[in-house]
Amino acid sequence: MKAYLTRRYMFSASHRLHSDALSDAENVATYGKCNNPYGHGHNYTLEVTVSGAVDERTGMVCNLTDLDDLVHGEILERFDHQNLNTLADFATRVPTTENLCMVIYDILQRGFRHAHLEKVRFEETMMNSFEYWGENRVIE
Amino acid sequence: MVYLTRKAEFSASHYYHNPKFSAEENQRIFGKCNNPNGHGHNYTLEVTVKGEVDPPSGFVVDLKQLKETMSREVLEALDHRFLNKEVPEFFTRIPTTENLAIAIWQRLSPKLKAAQLHRVRVYETPDLFVDFYGEA
Chain W
1 MKAYLTRRYM FSASHRLHSD ALSDAENVAT YGKCNNPYGH GHNYTLEVTV
51 SGAVDERTGM VCNLTDLDDL VHGEILERFD HQNLNTLADF ATRVPTTENL
101 CMVIYDILQR GFRHAHLEKV RFEETMMNSF EYWGENRVIE
Chain V
1001 MVYLTRKAEF SASHYYHNPK FSAEENQRIF GKCNNPNGHG HNYTLEVTVK
1051 GEVDPPSGFV VDLKQLKETM SREVLEALDH RFLNKEVPEF FTRIPTTENL
1101 AIAIWQRLSP KLKAAQLHRV RVYETPDLFV DFYGEA
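As they're listed, the protein sequences go chains W and V. 1 is the number of the first residue of the first sequence in the numbering used here; add one for each residue after it. 1001 is the number of the first residue of the second sequence in the numbering used here; add one for each residue after it.
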């Protein structure tokens, strides 16, 4: 029996949306308030969805402590209370929440071996959210 | 095709233990959840059905019937129960949220007539939920 398990985590970080490929005027036109040179912050909610057959011995898709350990060690400790623009992950990418989804997806894809990674979803505020399913997702 | 979701809540206790594992293995795998006296959660259940909209009524499914089916087949059996000791599915299966979603699907699926069951989602806490789509 295949089931999908989703866990939510929270961290807070700041960022500034600014692309070196755009002029100053274009940056302001594109990113508006998010282009403020001093940056601004969010309380991000991260949702990680994994899937797999439910192990008959444990009743679990995977042990949540394994997922928690990876997310705490590789994601929360690195991203919480940081300025995203200063991190190597965003040296060449604008720290939009779209790109944040992809960075986190890559970290989980590389590091998590206990179940299949389905999706990374971020709520940047209560009013917007972003999802990344990897490049091979087929929309049903 | 239209998808309709109905929510419900129930509270229950459980613990995780596999008699085939040693005491040490049970403790290592299940941690705090292995306490034999059990612990509890306020579960939120979301049942999603799908179907075509029936032109005369404008309904995918009669919500009242869906609510009654959920109450009769799921909530009456699970609400305010110790899952390991009072719900037959969990006499032999560990009452994880994964197995809870599967058991609820198996209880509801044969009883829904007008609409087809699409998804059962069970929140154990606001930060943890399981989806089951009836996949083998």
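Don't be surprised by glycine CBs; every beta carbon is placed ideally from N, CA and C.
Using a CB distance cut-off of 8 Å, W:Arg-121 does not count as an interface residue toward chain V. Within 10 angstroms of the beta-carbon of W:Ser-12 lie fewer than 16 other beta-carbons, which makes it exposed.
Annotated three-state conformation of W:Met-102 is helix, per DSSP. In the three-state scheme derived from DSSP, where H, G and I count as helix and E and B as strand, W:Tyr-38 is classed as coil. Listed along chain V, no residue sits closer than 9 Å to W:Lys-33 by beta-carbon distance, the nearest being about 30 Å off.
DSSP places V:Phe-1030 inside the alpha helix (DSSP H), whose first and last residues are 1023 to 1030. Taken in chain order, the whole alpha helix (DSSP H) runs of length 4 or more contained in the stretch 52 to 106 of chain W are 64 to 70. Residue contact check for V:Phe-1082 against chain W: no CB pair falls below 8 Å. For the pair V:Gly-1058 and V:Gln-1116, the CB atoms are not nearer than the 8 Å cut-off.
Put simply, the CB of W:Leu-117 is far from chain V, with every gap to its CB atoms at 8 Å or more. Burial check for V:Phe-1091: the Cβ neighbour count within 10 Å stays below 16, so the residue is exposed.
In the DSSP assignment, the residues bridged to V:Lys-1007 are V:Glu-1046. Exposed is the label assigned to W:Gly-73, since fewer than 16 other Cβ atoms lie within 10 Å of its Cβ. If you draw a straight line from the Cα of V:Leu-1004 to the Cα of V:Arg-1119, it is about 10 Å long. V:Glu-1135 and V:Arg-1081 have their C-alpha atoms spaced approximately 27 Å apart.
One alpha carbon belongs to V:Val-1049, the other to V:Val-1130, and they sit about 17 Å apart. Counting only runs that start and end inside the stretch 1089 to 1133 of chain V, the alpha helix (DSSP H) elements of at least 4 residues fall at 1089 to 1092 and 1097 to 1108.
Inclusion of V:Ile-1094 and V:Tyr-1043 in the CB contact set at 8 Å is not warranted, their separation being larger than that value. By the Cβ criterion, the stretch 98 to 116 of chain W is not in contact with the stretch 23 to 39 of chain W, since fewer than three pairs of Cβ atoms, one from each stretch, lie closer than 8 Å.
With a cutoff of 8 Å on beta-carbon distance, W:Ala-3 and V:Phe-1132 are scored as near each other.
Secondary structure at W:Asn-128: strand, using DSSP grouped into helix, strand and coil.
Of the residues assessed, V:Glu-1009 falls on the exposed side of the cut-off, its CB having fewer than 16 other CB atoms within 10 angstroms. With contact defined as three or more Cβ pairs closer than 8 Å, the stretch 1017 to 1035 of chain V and the stretch 50 to 66 of chain W are in contact.
Annotated as proximal: W:Val-48 and W:Val-120, with beta-carbon spacing under 8 Å.
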